[in-house]
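Engineer: Got a structure for you, written out below as structure tokens; questions coming shortly.
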Amino acid sequence: MSDPAQRAGALLSVDLDAVAANWRRCQAVAQPARCAAVVKADAYGLGVAPVARALAQAGCARFFVATIDEGIGLREVLPDREILVLNGPLPGTEADFLEHRLIPVLNAPEQLAGWTAFAAAAGRKLPAALHVDTGMARLGLELYDLWQLAADTAALAALDVILVMSHLACADTPGHRLNHGQLSIFHTARSLFPGVEGSLAASSGLFLGADWLADWVRPGAALYGIQPTAAGPNPMLPVVRLEAKILQLRDVDAGDTVGYGATHSITKDTRLATVAAGYADGIFRSLGNRGCGHLGEIEVPLVGRVSMDLIVFDVTEVPADRLQPGAVIELLGPHHTVDDMAKAAGTIGYEVLTALGNRYHRRYLGGGAP
Ligand SMILES: *Cc1c(COP(=O)(O)O)cnc(C)c1O
């Protein structure tokens with residue numbers, strides 16, 4: 287059997303040293319607050335096991351996932367770290383949290399009641415984080431629910447509240463008035479649970495300044511190289527590199543068209559490279575006639591529509607000796623970041639990463655590599 291990297295149409299490299307360095311950067315910005323890591327959605331598509339191991343090695347003590355199954359999977363990788371489950375328990379799943387030592391984030395009154403009743407029945411004080419909705423209207427308890435809980439001695443006897451948390455809707459817009467409104471409601475919520483640690487900031491909130499840091503910050507995107515700041519250079523290191531191989535080269539004449547729907551017309555003698563990645567691999571269809579790749583320093587435009595398994599680049603400007611089947615075109619990397627591709631596709635870096643397909647040959651570079 288040949289080398290899988292040789293067989294694969296495209297190669298995805300994940301730099302675990304860069305993930306670890308980004309975490310340390312976030313920790314340095316946050317201190318004296320502590321930095322957790324959000325590794326939901328398979329560590330934003332990058333592979334939760336190697337990423338979480340690298341983060342644990344860097345010193346991260348607390349991890350957030352979205353779903354209980356993500357928590358159960360992560361528990362196998364990290365036997366001795368705290369794992370919090372952002373979506374909280376669906377009815378009847380409380381015992382699974384206990385079995386796998388997962389800490390639920392309680393978002394809704396029903397989750398709070400379910401976990402409290404479960405703890406009381408188990409006869410033990412069970413840990414929980416309380417998520418208060420401060421203005422996003424997504425998940426979270428109301429201030430009123432927290433106020434009721436703070437006066438409920440029976441419930442408090444069953445719960446070990448380890449964190450009061452909330453989530454900012456507009457942290458990527460530093461001047462947004464909602465930020466200050468959310469901060470003030472967050473302070474009120476925390477005042478109901480004196481002595482309990484708090485957490486408000488994710489990647490962008492981390493860069494809003496000291497007022498927003500509380501005791502724990504919870505970045506995800508920034509760890510994976512997505513720019514957390516609204517302006518200026520990206521303070522994070524790039525983490526992913528995606529290279530797709532040329533399958534076929536073709537010279538076409540003026541008057542020809544490229545791809546489904548014939549959306550790109552050739553106006554002069556042109557060389558095309560057809561490359562092994564498509565929308566099934568997370569190359570958004572919206573990149574049709576808008577995306578680009580790079581061969582070394584040379585930018586090559588993506589022409590025509592994105593197909594399921596294929597895209598086509600105009601490589602007329604590339605010297606012929608650099609073009610042959612098997613040569614790679616960089617789709618993500620130093621010349622074209624995750625944020626650049628997101629902008630061209632009309633989306634955000636988060637969606638670019640979490641859409642990365644499972645047909646790529648994945649390579650993990652640096653610390654914690656399996
Ligand atoms: C996803 C998520 C995070 C991490 O957000 P980033 O913007 O990726 O840093 C933090 N907290 C909550 C509640 C989340 O849902």
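Numbering (the working numbering), first residue to last: 287 to 656.
No residue lacks a Cβ here, since even glycine has one placed at the ideal position from N, Cα and C.
1. Restricting to Cα atoms, I'd like to know which of Leu360, Gly426, Leu435, Ser489 is closest to Arg339.
2. Please report the straight-line C-alpha distance between Ile634 and Ala628, rounded to a whole angstrom.
3. Taking Val391 and Leu364 to be in contact with their CB atoms under 8 Å, please state how far apart those CB atoms are, rounded to whole angstroms.
4. By alpha-carbon positions, which one of Ala606, Ala563, Ala530, Ala291 ends up nearest to Thr556?
5. Indicate the three-state DSSP secondary structure (helix, strand or coil) for Ser551 in the structure shown.
6. If I measure Cβ to Cβ from Pro460 and keep anything under 7 Å in the same chain, skipping five residues before and after, which residues do I get?
7. Under the criterion of a Cβ to heavy atom distance below 6 Å, does Ser452 qualify as lining ligand 1?
8. Just to check, is the beta-carbon of Gly506 closer than 6 Å to a non-hydrogen atom of ligand 1?
9. Let me know the beta strand (DSSP E) ranges lying completely inside the region 383 to 439, each 3 residues or longer, listed in chain order.
10. Is the beta carbon of Glu529 sitting closer than 7 Å to the one on Glu583?
11. Between the alpha carbons of Leu297 and Leu523, how many angstroms are there, rounded?
12. Going by C-alpha to C-alpha distance, which of Gln534, Arg504, Thr553 sits closest to Ala316?
13. In or out: Thr402 buried (at least 16 other Cβ within 10 Å) or exposed?
14. Go ahead and pull the three-state DSSP assignment for Gln534.
15. Taking all protein chains shown into account, do 16 or more other C-beta atoms lie within 10 angstroms of the C-beta of Arg536, making it buried, or fewer, making it exposed?
16. Buried or exposed: which applies to Glu385, given that a residue is buried once 16 or more other Cβ atoms fall within 10 Å of its Cβ?
17. Which residue's Cα is closest to the Cα of Tyr565: Ala631, Asp626, Gln534?
18. Give a single yes or no on whether Ser489 has its beta carbon closer than 6 Å to a heavy atom of ligand 1.
19. Output needed for Ala444: all residues of its chain with C-beta closer than 6 Å, excluding positions within five of it in sequence on either side, in chain order.
20. What do you get for Gln292, buried or exposed, if any count of 16 or more other CB atoms within 10 angstroms of its CB means buried?
21. How would you write the range of the alpha helix (DSSP H) that Leu360 sits in, first residue to last?
22. Give me the Cα-Cα distance between His580 and Val586, rounded to the nearest whole angstrom.
23. Excluding the 5 residues preceding and the 5 following Leu651 in the sequence, name in chain order all residues of the same chain whose CB lies nearer than 8 Å to its CB.
Structural biologist: In terms of the structure at hand:
1. Leu360
2. 5 Å
3. At roughly 17 Å, the Cβ-Cβ gap does not stay under 8 Å, so Val391 and Leu364 are not in contact.
4. Ala606
5. strand
6. Leu494, Ala516
7. no
8. yes
9. 389 to 392, 412 to 417
10. no
11. 19 Å
12. Arg504
13. buried
14. strand
15. exposed
16. exposed
17. Ala631
18. yes
19. Thr402, Ala405, Ala406
20. exposed
21. 354 to 363
22. 6 Å
23. Ser299, Val300, Asp301, Leu302, Asp303
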